[in-house]
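Visitor: The structure's right below; bear with me while I get my questions together.
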Amino acid sequence: MQKRNKYTEIEDFLSDESFQSWILFKIDEDGWEEWTLESRQRAKLVEDARLLLLAMKVPDSNLSPSDIHNALQTTWIKIEEKEKHINSIHDSKVKTLRKYFFSGAAAILVFGILSVWFYQNQISPKSTVITYKELIDENSEGLVEQTNNSDKPQIITLSDGSSVLLQPNSKLSYPKIFTGNERKVYLSGEGFFEISKNPKKPFFVYANEIVTKVVGTSFRVKAYSDQPDVEVLVRTGKVRVKSNDLVAKSNQEEVVLLPNQALRFLRSDLSFNKITNITQDVTLTRSVGNIEQLSFEFTDIPVSQIFQTIEQAYLVDIDYPKNKLKDCHLTTSLSDQPLTEKLKIVCNSIGNNTSFEMNGNQIIITSEGCN
Amino acid sequence: MKTKFLQVKTFNDVTLWNNLKDGDEKSFSILFEKYYGDLVNYGNSLSPYAEKVQDCVQDVFTDIWVYRNGLQNSVVVKAYLLSSVRKRIARLHERDHIFRKATSTDAISFLLEFSVENELIDDDYATKEKVVYLNKLLNELPARQKEALYLRYHQGLTVEQIADMLEVNYQSASNLLYRGLLTLRKEWKGNLSLIILLSLTTC
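Those sequence lines, one after another, are chains D and G.
Position 337, counted from 1, in the first sequence is what my numbering calls 323; the numbers after and before it change by one each time, with no gaps.
Position 127, counted from 1, in the second sequence is what my numbering calls 130; the numbers after and before it change by one each time, with no gaps.
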């Protein structure tokens, strides 16, 4: 309290908490009253500071201790709500659907539309339901359509090198050549997509009411117009799924899926359910294709075995000079690569002008053996 | 009022703040009880809607707790709280006037009237008169000057803290204070000592 002896300005007093409490609350802890009377000049200074402080008083809100106590209780309730809300943004969707998940294979993104068990009580189509046909009609800028009427998956290679493994009873529409800043394809049924990376040209899969966006990765899509929901499953990388603008103008919620996460879109009420444990989901587990179970991580593996894995995954036939390549072993990681990329990597690794040629489901490797 | 003030003084803001950051609910509650009334008073000076002001103050505390991990260590708690309340009321004000583009807290003005309290009854008539006159002068000051004076002398903030709160630089903040006091000095003809004293403070 010795500092006050040096006070020469009214401001010094005004901002002194102890002084304030003396003037405003009449709490004279530091003996201001006595101190003031020690000097006449000081008394004048103090008096002026006092007047100014009194003149500057503001009305008290008259909150009683119980008012403040109640306000504190209200605040704790608000805190609880806010924390709940924040958590729900992070994982509420996850919680409800924790039971769906299956032990993931490689890192690949899959989205699909399935739910066979809902097949019988199929919902009556509403105006909000978008079918493949409507999507195509919306975007009829010279699309190529491929339909798989066989009982085996078919491989489609797109102009950017991306590959799509199209399941039976499924259709894919895509431009012969991707132009512009986006790559858009339209799916009905199920397909497994492996997208060549190109951050400047994001890849969009339109499947019924949802749109899935990836920059480059591999994934499977399965979307049937006669089933009540749409599912997306991610193996590697990151995909964003949102509802198509055609159905949801207000609901522009975007769901981000990470590897081994899935999403089920209920067509009847346009709701998204995120599934974070795919191992628990019977439907998803059952629908896993070859390609998701196969590992494309090869460590000193004979080339013949690598080709065999690719054949199983994409249901293609690979013709290669067996004798010339019989002693060739490779260590390589082909996960998350489109079919053509996989073939390119394998050919480059073998070396010696090894090349491949693709013709529908037929792949022919030309090689003079490995180094 | 007395008991509250005394009790409050025994706790150190910085300690409470740091405990709060570590998740100590008790410290949070103490700070809340310590400053709630003051913040509501201040908030009421910025918004005529008393109900919403209490909401805003509670929201400020809610955010402090919810986002306590992101709080800074070295904070002058009172200045931080006052500033947060001001910003939140400004935001509220903005939402109510969506056609107004202003995003700064300039959009709100200090409505509070300084008031002369009943306790002056104890004082002699001349003193009372002086206080009433000073009070009138203070209330005639522009809102920003008034707010600066309030923050400086009623809330005890430093000029730097006031500058931060009002979103102006240091010089502008001290100008606000200076001009406020200058006006008082000019008008306050009846008291010579105050003129001298005020001239001292403003140099």
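Backbone N, C-alpha and C define an ideal beta-carbon position, used for all residues, glycine too.
Give me the subset of the region 34 to 54 of chain D whose CB atoms are less than 7 Å from a CB atom of chain G, sorted by chain position.
Guide: Here the close residues are ASP34, LEU37, LEU38, LEU39, LEU40, ALA41, MET42, LYS43, VAL44, PRO45, ASP46, SER47, LEU49 and ILE54.
Visitor: Just the Cα atoms here: how many angstroms apart are GLU150 (chain G) and GLU15 (chain D)?
Guide: GLU150 (chain G) and GLU15 (chain D): Cα-Cα distance of roughly 28 Å.
Visitor: Does THR61 (chain D) come within less than 7 Å of chain G when only Cβ atoms are used?
Guide: Yes, contact with chain G.
Visitor: Within the 7 Å Cβ cut-off, does ASN44 (chain G) reach chain D?
Guide: Yes - at least one Cβ of chain D is within 7 Å of the one on ASN44 (chain G).
Visitor: Can you tell me the Cα-Cα spacing of ILE54 (chain D) and TYR83 (chain G), whole angstroms?
Guide: Answer to the nearest angstrom: the Cα atoms are 20 Å apart.
Visitor: In chain D, which residues lie less than 7 Å from VAL134 (chain G) when you measure between Cβ atoms?
Guide: Simply LEU37, LEU40 and ALA41.
Visitor: Would you report the Cα separation of GLY175 (chain D) and LYS119 (chain D), rounded to the nearest angstrom?
Guide: Whole-angstrom Cα-Cα distance: 12 Å.
Visitor: Is the distance from the Cβ of VAL220 (chain D) to the Cβ of LEU243 (chain D) below 7 Å?
Guide: Yes, the Cβ-Cβ distance between VAL220 (chain D) and LEU243 (chain D) is below 7 Å.
Visitor: Relative to the alpha-carbon of SER211 (chain D), which residue among D:PRO185, D:LEU173 and D:LYS68 has its alpha-carbon at the smallest distance?
Guide: It is D:LEU173 whose Cα lies nearest to the Cα of SER211 (chain D).
Visitor: For ASN334 (chain D), tell me which candidate among D:GLY355, D:LYS(-8) and D:GLN348 has the shortest Cα-Cα distance.
Guide: Closest by alpha carbon: D:GLY355.
Visitor: Quick test of the definition: if touching needs 3 or more C-beta pairs under 8 Å, does the region 34 to 51 of chain G touch the region 25 to 38 of chain D?
Guide: Flag = no, the region 34 to 51 of chain G and the region 25 to 38 of chain D do not touch.
Visitor: List the endpoints of the continuous alpha helix (DSSP H) containing ILE208 (chain G).
Guide: Nothing about residue 208 (chain G) can be reported from this structure: the residues present for chain G run from 4 to 206 only.
Visitor: Nearest by alpha-carbon distance to THR340 (chain D): which of D:LEU311, D:ASP322 and D:SER321 is it?
Guide: For THR340 (chain D), the nearest C-alpha among the options comes from D:LEU311.
Visitor: Taking SER1 (chain D) as the query, report the chain G residues whose CB atoms sit under 9 Å from its CB, ordered along the chain.
Guide: The answer, in chain order, is ARG155, TYR156, GLY159, LEU160 and THR161.
Visitor: Going by CA-CA distance only, name the one from D:VAL227, D:GLN213 and D:THR222 that's closest to SER254 (chain D).
Guide: Nearest option by C-alpha distance: D:GLN213.
Visitor: Going by DSSP, name the residue or residues bridged to SER159 (chain D).
Guide: Per DSSP, D:GLU131 and D:TYR172.
Visitor: At which residues does the alpha helix (DSSP H) containing SER136 (chain D) begin and terminate?
Guide: No alpha helix (DSSP H) contains SER136 (chain D), which DSSP labels as neither H nor E.
Visitor: Under 8 Å, CB to CB, which of the residues in the region 139 to 159 of chain D have a partner in chain G?
Guide: So the list is empty, because no residue satisfies the distance condition.
Visitor: Could you work out which residues of chain G lie near LEU244 (chain D), taking near to mean beta carbons separated by less than 9 Å?
Guide: Ordered by position in chain G, no residue passes the 9 Å Cβ test against LEU244 (chain D), which lies about 24 Å from the chain.
Visitor: Where in the region 20 to 55 of chain D do unbroken runs of the beta strand (DSSP E), each at least 3 residues long, occur, reported from the N-terminal end onward?
Guide: Fully enclosed beta strand (DSSP E) runs of 3 or longer: not present.
Visitor: Are the beta-carbon atoms of SER148 (chain D) and PRO324 (chain D) separated by less than 7 Å?
Guide: Closer than 7 Å, so yes.
Visitor: Measure the C-alpha to C-alpha separation of ILE165 (chain G) and TRP68 (chain G) and round it to an integer number of angstroms.
Guide: Going by the C-alpha atoms only, they are around 24 Å apart.
Visitor: Check this for me: beta carbons of LEU85 (chain G) and TYR45 (chain G), under 7 Å apart or not?
Guide: Yes, the Cβ-Cβ distance between LEU85 (chain G) and TYR45 (chain G) is below 7 Å.
Visitor: Since ILE65 (chain D) meets chain G, which of its residues come closer than 7 Å, beta carbon to beta carbon?
Guide: Per Cβ cutoff of 7 Å: THR65, TRP68 and VAL69.
Visitor: Pairing CB atoms from the region 159 to 173 of chain D with CB atoms from the region 182 to 201 of chain D, are three or more of them under 8 Å?
Guide: The region 159 to 173 of chain D vs the region 182 to 201 of chain D: in contact.
Visitor: Could you give the DSSP three-state label for LEU180 (chain G): helix, strand or coil?
Guide: LEU180 (chain G) falls in the helix class under three-state DSSP.
Visitor: Tell me which residues share the same chain as ASP16 (chain G) and place their Cβ nearer than 6 Å to its Cβ, disregarding the 5 neighbours each side in the sequence.
Guide: VAL80.
Visitor: Would you check if the distance between the CB atom of GLU343 (chain D) and the CB atom of ILE350 (chain D) is smaller than 7 Å?
Guide: Yes, these two residues count as a Cβ contact at 7 Å.
Visitor: Here's the rule I'm using: 16 or more other beta-carbon atoms within 10 Å means buried, otherwise exposed. How should SER7 (chain D) be labelled?
Guide: Its Cβ being crowded by 16 or more others within 10 Å, SER7 (chain D) is buried.
Visitor: Just checking my contact of LYS68 (chain D) with THR65 (chain G) at CB under 8 Å: how many whole Å lie between their CB atoms?
Guide: LYS68 (chain D) to THR65 (chain G), Cβ: 6 Å. Contact.
Visitor: Per DSSP, which residues does GLU28 (chain G) bridge with? Please list them.
Guide: According to DSSP, GLU28 (chain G) bridges with nothing at all.
Visitor: If I follow the unbroken beta strand (DSSP E) through THR(-6) (chain D), where does it start and stop?
Guide: That residue, THR(-6) (chain D), is in no beta strand (DSSP E); it is neither H nor E in DSSP.
Visitor: On the DSSP bridge assignment, give the partners of MET344 (chain D) in chain order.
Guide: In the DSSP output, where bridge partners are listed per residue, MET344 (chain D) has D:ILE349.
Visitor: When you compare the CB of GLU69 (chain D) with every CB in chain G, is at least one pair closer than 7 Å?
Guide: GLU69 (chain D) counts as touching chain G.
Visitor: Does the Cβ of PRO245 (chain D) have 16 or more other Cβ atoms within 10 Å, making it buried, or fewer, making it exposed?
Guide: PRO245 (chain D) comes out buried.
Visitor: Is it true that the CB of ARG169 (chain D) sits closer than 7 Å to the CB of LYS157 (chain D)?
Guide: For LYS157 (chain D) and ARG169 (chain D), no; Cβs fall outside 7 Å.
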